[in-house]
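Peer 1: This is the structure I have questions about; it appears just below.
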Amino acid sequence: MTPAVRRDVLAAYAAADAAVRAAGPRCDASGRCCRFTEYGHTLFLSHFEAELLLESAPPYEKPVTRDGCPFQVDTLCTARDARPIGCRVYFCDPTYQETGNQITEAAVAALKAAADAHGTGWRYAPLHVFLNEAERPGVAAADTLDPVPPAGPRHPLPVVSGTGGLRDRGTEGH
Ligand code: SF4
9 MTPAVRRDVL
19 AAYAAADAAV
29 RAAGPRCDAS
39 GRCCRFTEYG
49 HTLFLSHFEA
59 ELLLESAPPY
69 EKPVTRDGCP
79 FQVDTLCTAR
89 DARPIGCRVY
99 FCDPTYQETG
109 NQITEAAVAA
119 LKAAADAHGT
129 GWRYAPLHVF
139 LNEAERPGVA
149 AADTLDPVPP
159 AGPRHPLPVV
169 SGTGGLRDRG
179 TEGH
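Numbered per my numbering, the sequence shown spans residues 9 to 182.
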């Protein structure tokens, strides 16, 4: 990923984070957002998000199934700083669902715009697809130019379903 692309992707993350903060959804710290099959949704992400996640996420075992995220330990995310848009935006709070969908749509549109502007092409697929493709699961890239900030304390998962990153199983494409 070039520095210019990385800047645009991180800007999309920052905008999504700010919009979520402004909306202030409630997090029950249930961790169910990351147990996909159990709660009937699928985490979709772009190739940009997969690349950033794989740069700093901990090692994991293959094959990864569609059932859940290997980075969830107990109810906590061990890849929080590099988590994709769907993880950033998803919350269980029932009063937030429409807002969450709008935030996700805006974030995905920003990522697509970055793909168009930089001519990178575009892939959007479930998490397990990208994780199973990766040659060096969880190993940090040596050429990180603008690294994700160091991991802070592990955090209860924010996360939910919708039209973008985290989708109800009924709408998944894979
Ligand atoms: S919040 Fe973390 S553990 Fe949950 S799906 Fe996203 S990357 Fe995986």
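All C-beta atoms in this analysis are idealised placements derived from N, C-alpha and C, irrespective of residue type, glycine included.
Compute the distance between the beta-carbons of Ala22 and His126, then report whether it is under 8 Å.
Peer 2: No, the pair does not count as a contact, with Cβ atoms beyond the cut-off.
Peer 1: Beta-carbon within less than 8 Å of Gln80's beta-carbon, same chain only, minus the 5 sequence neighbours each way: which residues are those?
Peer 2: Result list for Gln80: Gly39, Cys42, Arg43, Thr86 and Leu165, in chain order.
Peer 1: Within this structure, are the beta carbons of Val17 and Leu139 separated by less than 8 Å?
Peer 2: The answer is no: Cβ separation not under 8 Å.
Peer 1: Closest to Glu113 by C-alpha separation, out of Met9, Ala20 and Leu62, would be which residue?
Peer 2: Considering only alpha carbons, the answer is Ala20.
Peer 1: Secondary structure at Thr50, three-state DSSP: helix, strand or coil?
Peer 2: Strand, per DSSP.
Peer 1: Are Ala27 and Ile111 closer than 8 Å when you measure CB to CB?
Peer 2: Yes, they are a contact pair.
Peer 1: Between the alpha carbons of Pro134 and Leu84, how many angstroms are there, rounded?
Peer 2: One C-alpha to the other measures close to 20 Å.
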